[in-house]
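Chemist: Numbering (the numbering used here), first residue to last: 181 to 223. Virtual Cβ for every residue (Gly too), placed ideally from N, Cα, C. All of these numbers come straight from a predicted model, not from anything done at the bench. Pasting a structure here, questions to come.
Set out below in structure tokens:
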């Protein structure tokens with residue numbers, strides 16, 4: 181499986197790095213919230 185298909189096309193600038201870091205942080209936060217919700221519902 182090619183990893184290139186999973187990548188987003190962005191220009192390598194400091195601004196786009198900050199944007200991608202913010203998106204990653206939001207995705208990680210959402211994932212942890214969904215995981216906590218799942219654990220709470222299965223108890």
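1. In the DSSP assignment, the alpha helix (DSSP H) including residue 220 goes from what residue to what residue?
2. Would you kindly work out how many angstroms separate the C-alpha atoms of residue 208 and residue 193, rounded to a whole number?
3. I need the straight-line Cα distance from residue 200 to residue 215, nearest angstrom please.
Modeler: According to the data block:
1. 194 to 222
2. 23 Å
3. 22 Å
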